[in-house]
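Going down the list, the sequences are from chains P and L. Residues 52 to 131 in the numbering used here are what the first sequence lists, from first letter to last. Residues 71 to 471 in the numbering used here are what the second sequence lists, from first letter to last. Glycine included, every Cβ here is placed at the ideal spot set by N, Cα and C. The structure appears right after this line, and notes come after that.
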Amino acid sequence: LPVAPETENEDMHFAQKYLENFYDFKEDKSSLFKSTNLAHMADKIREMQAFFGLEVTGELNRKTMDMMKQPRCGIPDVRS
Amino acid sequence: YSTFPQNPRWKKEDVTYRILNYTPDMLQADVDEAIAKAFQLWSSVTPLRFNRLYSGDADIMISFASGFHGDFYSFDGPGGTLAHAYPPSRGIGGDAHFDEDENWTKFTTYSGYNLFLVAAHELGHSLGLGHSNVFGALMYPIYMAKDTRNYRLHQDDINGIQALYGPPRESPAFPTKAFLPQETTEMPPMEEPTQMSPREEPTEMAPTKRPEDCDPHLTFDAITTLRGEILFFKGSYVWRKSPYFSQIEHDTISTFWPSLAAGFDAAYEIDKKDRVIFFKDNQYWAVSGYRIEPGFPKPIQNLGFPRTVKKIDAAVHDQNTKKTYIFVGNKYWSFDENTQSMERGYPRKIAADFQGIGHTVDAAFQKNGHFYFFHGSNQYEVDIKNKKLVRKMKSNSWFDC
């Protein structure tokens, strides 16, 4: 099912937190370029999509968001 | 399967555990049983023995806590993270924490989380297993509600734990090989019939085969909008018309809400609350996306219907007035969503207020300032403001036939 419209804007933030918690994503706050962080985040989305057997696109599509919103264990899926 | 870095494991076969506190969601005896059963899953396929302590330090300390609870990972309220556990080591190692903000249950229902299933997963971490990417494995990180009667570990879980501890010393009472790969089996019926799972009821209205989209005689049980999409229900089938994809998608009700019985009588969406109400016989359920809201089903009499009303035909919500029209036979009722009460002066005759609708209504929904009423294989577009019939169409006109 699609995500609720009112929550759509929060998805990016939610996904970032999810990737930080479970896929060892670290935002590079020193980077001057937003694109650097976005590219890194896309890599982590790919990693997450591959783990769950989703189509690996690096994009925060509906199926990826749906998977991120499933209730789950708090232990990371990957470790640094 | 996976293990933690450096493969931490208990270097002994007798491992102790202690339950530090209890969730108020369940009887203490049921918590004890769920935890013991979870340990038994792992001991049945390894040489490990688990002994419970009632005081002092145990290898695996089990507790329920909310929010920040003194470790590296705070809990996040209902949903999201359910629990976590630490790999074998001294101190916090091996400990399992459960989020008290979840609703813990003894049975597999869709209003809570089965403590046995979650505990069995977490104890896998306590013994040294990481997450598995094999769908259906216990160590898969996502909670999947499933029947826990005669629950057996997935072969991937068995391979993982035996890579750390080896097989049991004596012949196990049952084979260590999982009976069935769970990803290839359909979800079995619910463990215990609950109010939320009337699935075992026969669904007379459920067709054995999904009718063709463009069948000119196609009729529907119920129709509702949901987050910008339109869902058409008939028996166990759902036609899904979405602005996100061009084709009509075909699904079953159980795909979205596995615990709901097929054959809805009616459905409507209150979009501002992100809530859909489903009616079947004399009960109704509220869902938000995939989640069935706790406390349902409720009897339709709670909405203000007299006992003589055993089921309803159709329902539609007017987003502007916050009124929901509920159709029963040749009459309709008006339910005020703001006051959560039935309006005075109802029921009224459908034909008296909706000009041109001189019959019962099978299904209804609202879209773009119009009500769409369905009767048999026909559909009637009605202007919401003046309640006048605009045009008549075939019921499947939304399927681009």
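With at least 16 other beta carbons inside 10 angstroms of its own, T295 of chain L counts as buried.
Beyond the five residues adjoining it in sequence on each side, A101 of chain P comes within less than 7 Å, by CB distance, of V107 in the same chain, given in chain order. C124 of chain P is classed as buried because its beta carbon has at least 16 other beta carbons within 10 Å across all chains shown. A check of alpha carbon separations from G161 of chain L across L:M131, L:E172, L:Y395 identifies L:M131 as the nearest. Runs of beta strand (DSSP E) with 3 or more residues, each lying fully within the stretch 100-125 of chain L, are found at 119-122, listed in chain order.
According to the DSSP secondary-structure assignment, C284 of chain L is paired through a beta bridge with no residue. For G125 of chain P, at least one C-beta of chain L is nearer than 8 Å to its own C-beta. At a Cβ-Cβ threshold of 8 Å, I300 of chain L and W468 of chain L count as neighbours. Interface with chain P (8 Å Cβ-Cβ cutoff): P75 of chain L is included.
DSSP lists L:Y395 as the bridge partner or partners of V386 of chain L. Boundaries of the beta strand (DSSP E) harbouring D453 of chain L: 448-453, taken from the DSSP string.
Residue pairing by DSSP places F435 of chain L opposite L:Y442 in a beta bridge. In the DSSP annotation of this structure, the continuous segment of the alpha helix (DSSP H) that includes E71 of chain P starts and ends at 62-73.
Secondary structure note for L152 of chain L: its beta strand (DSSP E) is the uninterrupted segment 151-155. When C-beta atoms of the stretch 115-122 of chain P are compared with those of the stretch 211-229 of chain L, three or more pairs fall below 8 Å, so the two segments count as touching.
Leaving aside the five residues that flank N229 of chain L on each side, the residues in its chain whose CB is nearer than 8 Å to its CB run, in chain order, Y71.
Within chain P, the residues placing a beta-carbon under 7 Å from that of G150 of chain L are P122, ordered along the chain. Within the stretch 397-422 of chain L, the complete beta strand (DSSP E) runs of at least 3 residues fall at 401-406.
When only Cα atoms are considered, S159 of chain L and S136 of chain L end up about 24 Å apart. Cβ contact annotation for A356 of chain L (same chain, cutoff 6 Å, sequence separation greater than five): R345, I347, E363, F366, in chain order. In this structure, L:F186 is the residue among L:F186, L:Q232, L:Y235, L:P369 with its C-alpha nearest to the C-alpha of K107 of chain L. As the crow flies, the alpha-carbon of P281 of chain L is around 55 Å from that of F120 of chain L. Looking at the backbone, the Cα of Q67 of chain P and that of P78 of chain L are separated by about 29 Å. Put simply, the CB of G206 of chain L is far from chain P, with every gap to its CB atoms at 8 Å or more.
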